[in-house]
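Position 35 (the sequence shown) corresponds to 35 in our numbering; numbering is contiguous. Backbone N, C-alpha and C fix where the C-beta goes; we use that ideal spot for every residue, glycine too. Please read all numbers here as calculations on a predicted model, not as lab measurements. Inspection log for the structure reproduced underneath, given as structure tokens.
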Amino acid sequence: MLKQTNRMTLVEQAAEQMEKLIESGTWPVGQKIAAEQELMEQLQISRNTLREAVRALVHAGLLKTRQGDGTYVVSSSKLGVVLQQRIEQTELLKTLEVRYALEREAARLAAIRRDDDDIEILQQRIQDYEREAAGGDHDAFVAADIKLHIAIVAAAHNDLLNELYMHVIDAITLTIQKSGCYPDQNEDFLLSHKKTVQAIIEGNISAAGEAVTQYIEVSKSSLGYEES
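What follows is the structure, given as structure tokens:
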């Protein structure tokens, strides 16, 4: 149990303890942190102290709260926070180019390294993706799209790649929203994602990379950039 001296000290101690869990990899980038009750028991602190500690780490850029979903680890270090701030100031096309580099390599690596658990998750994610695509709710579709990409990156089994990707996840979400590449408006976008997952499952490295190229080019075109 944390030593109770004064409220701020308790908050600082709780935040420090949570930060150590992040830095050690116990809470990896991309992971949703446990529910409040579980964390209160684990850290032996009150709800208010926990919430203030979480707010402090959100402010520091290590955690991010997604409304209606939960709180996620988005950086394992202060350097990652600086990187995220730099990305937020970057032109959309450059962000899309970085996205392409990360997602293409992730898909190729996933085609080599995916295991049975990855395949099961990918199959579930693509089903969710298709369901939301048919539903017509653009916000729900973007959320399903992001979860699919996170699963693909995770299947690459490269911790550094995963961490870099999670640092730019908000910027990537913005490229999806800005491009307007929704399945009810552009069928190629849906098909290329399905091809990506299928190629990974089949272990087809080149096809996985080509499928990523397809949907990135569709996004670039939708944003008014010429295909490269």
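Work out the CA separation of Ile172 and Thr95 for me, nearest whole Å.
Distance between the alpha carbons of Thr95 and Ile172: 7 Å.
So for Arg55, helix, strand or coil by DSSP?
Assignment of Arg55 by DSSP, reduced to helix, strand and coil, places it in the helix class.
Less than 7 Å between C-beta atoms, sequence neighbours within five positions excluded: which residues of the same chain meet that for Ile150?
Contacts found: Gly30.
Distance, Cα to Cα, Leu57 vs Leu63?
Their backbone Cα atoms lie some 6 Å apart in a straight line.
Using only the alpha-carbon positions, how far apart do Glu163 and Ser76 sit?
Between Glu163 and Ser76, the C-alpha separation is close to 8 Å.
Between the region 154-161 and the region 110-128, do three or more beta carbon pairs fall short of 8 Å?
Touching, yes, given that three or more Cβ pairs across the two stretches are closer than 8 Å.
Would you check if there are 3 or more beta carbon pairs closer than 8 Å linking the region 91-111 to the region 196-213?
Touching, yes.
Any idea what DSSP makes of Val82, helix, strand or coil?
Correct three-state label for Val82: helix.
Environment of Ile126 [buried if 16+ CB atoms lie within 10 Å]:
Result: buried.
Quick one: is Lys220 buried, meaning 16 or more other Cβ sit within 10 Å of its Cβ, or exposed?
By the neighbour-count rule (16 or more Cβ atoms within 10 Å), Lys220 is buried.
Pull up the DSSP beta-bridge partners for Gly203, would you.
BP columns for Gly203 are empty, so no partner.
Rounding to the nearest angstrom, what Cα-Cα distance links Glu19 and Met166 in this structure?
If you draw a straight line from the Cα of Glu19 to the Cα of Met166, it is about 17 Å long.
Specify the secondary structure class of Val73 as computed by DSSP and reduced to three states.
Three-state result, Val73: strand.
Cα-Cα separation between Thr244 and Leu39, rounded to whole angstroms:
Beyond the ends of the chain as shown, which are 1 and 228, falls residue 244; an answer cannot be given.
With H, G and I counted as helix, E and B as strand and the rest as coil, what does DSSP make of Thr95?
Looking at Thr95 - three-state DSSP - the assignment turns out to be helix.
Lys178 versus Asp69, Gly203 and Gly224, residue with shortest Cα-Cα distance:
When each option's Cα is compared against that of Lys178, the closest is Gly224.
Is the beta carbon of Gly145 less than 7 Å from the beta carbon of Ile169?
Here residue 145 turns out to be Asp, not Gly, going by the sequence shown. Between Asp145 and Ile169, the C-beta gap is not smaller than 7 Å, which leaves the two residues out of contact.
Just tell me which of Ser46, Ala199, Trp27 and Ala14 has its CA closest to the CA of Asp74.
The question names Asp, yet the displayed sequence has Val at residue 74. Cα-wise, what sits closest to Val74 is Trp27.
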